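The structure under discussion appears below in the form of structure tokens.
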Amino acid sequence: MADTKASHSTAAAKPEDAIAALTADHKKVKALFTEFKRLKEQDDAQEQKAELVSRICMELKVHAEIEEEVFYPAVRKQIDDEDLVDEALVEHASAKELIAQLEEMDPEDDLYDAKVTVLGEQIDHHVKEEEGEMFPKAKKAKINTPELAAQMAERKAAVQTALGEEDDGGSKAGARGSKRSRTDKGMRSS
Ligand SMILES: [Fe+2]
4 MADTKASHST AAAKPEDAIA ALTADHKKVK ALFTEFKRLK EQDDAQEQKA ELVSRICMEL
64 KVHAEIEEEV FYPAVRKQID DEDLVDEALV EHASAKELIA QLEEMDPEDD LYDAKVTVLG
124 EQIDHHVKEE EGEMFPKAKK AKINTPELAA QMAERKAAVQ TALGEEDDGG SKAGARGSKR
184 SRTDKGMRSS
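Just so you know, the sequence shown maps onto residues 4 to 193 in our numbering.
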């Protein structure tokens, strides 16, 4: 299939379904990692790699934020499995560390590809646990309400704005492949 760009498919989840929205995010990020796998085999794709990785990092940061701030607290309140949420938080923390490192790196740097690949593997594992264990339990506990979905959507929009992302996918003209432009982001005052 020619469809390797997952950037346009976010709107697929029904707005009232929080779990479907998270699952759609997972799918999108997975497709971006698949795209990276393809790019890393090419010699002349440094700039594309930088853009793609910048996008992956942004998607993951937004996703982690809405899970940590909205979804996990709801799960923790309603299901009798603290470990599940605790482990998910630890997994997020370790992903964030790799993301922070990648945001300071260029594709030419040592271990760049390896870090992206390992991040992808970690996310893969995390997604399997969420989709295989946490989401079914959350569904059973009936926390997947339209209200929760609305809170998540609202939070997502706010985080995207705060992180300087215009998420209607497509052209990431702002995501240049230089360290400087990426570090600047952290200093935005808006
Ligand atoms: Fe997730």
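Quick reminder that beta carbons are idealized off the backbone N, C-alpha and C, glycines included. Note that the structure is predicted; figures quoted are calculated from it, not measured.
The nearest non-hydrogen atom of ligand 1 is 7 Å or more from the C-beta of L101.
In summary, A152 is buried, with 16 or more beta-carbon neighbours lying within 10 Å of its beta-carbon over all protein chains present. Taking the C-beta atoms as reference points, I126 is found nearer than 8 Å to L63. One residue list follows from the rule of a beta carbon closer than 7 Å to any heavy atom of ligand 1, given in chain order as L25, D28, H29, H66, E70, H129, V130 and E133.
Nearest in C-alpha terms to T37, of all of V65, V119 and D109, is V119. By the Cβ criterion, the region 82-98 is not in contact with the region 45-59, since fewer than three pairs of Cβ atoms, one from each stretch, lie closer than 8 Å. A Cβ-Cβ separation of about 10 Å leaves V73 out of contact with V162 under the 8 Å criterion.
Restricting attention to I22, D46, E124 and K99, the CA atom closest to the CA of K33 is found in E124. In the structure shown, the three-state DSSP call for L151 is helix. Here P110 is buried: its Cβ has 16 or more other Cβ atoms, across all protein chains shown, within 10 Å. The C-beta distance from H29 to V130 rounds to 5 Å, short enough to fall under 8 Å. Taking all protein chains in view, the Cβ of K52 is crowded by 16 or more other Cβ atoms within 10 Å, so the residue is classified as buried. Boundaries of the alpha helix (DSSP H) harbouring K118: Y115 to E132, taken from the DSSP string. R79 and L101 have their C-alpha atoms some 26 Å from each other. Per the C-alpha coordinates, the member of A77, D112, A141 and E157 positioned closest to E50 is D112. Just measuring C-alpha positions, the residue of I82, L114, F39 and P149 sitting nearest I22 is P149.
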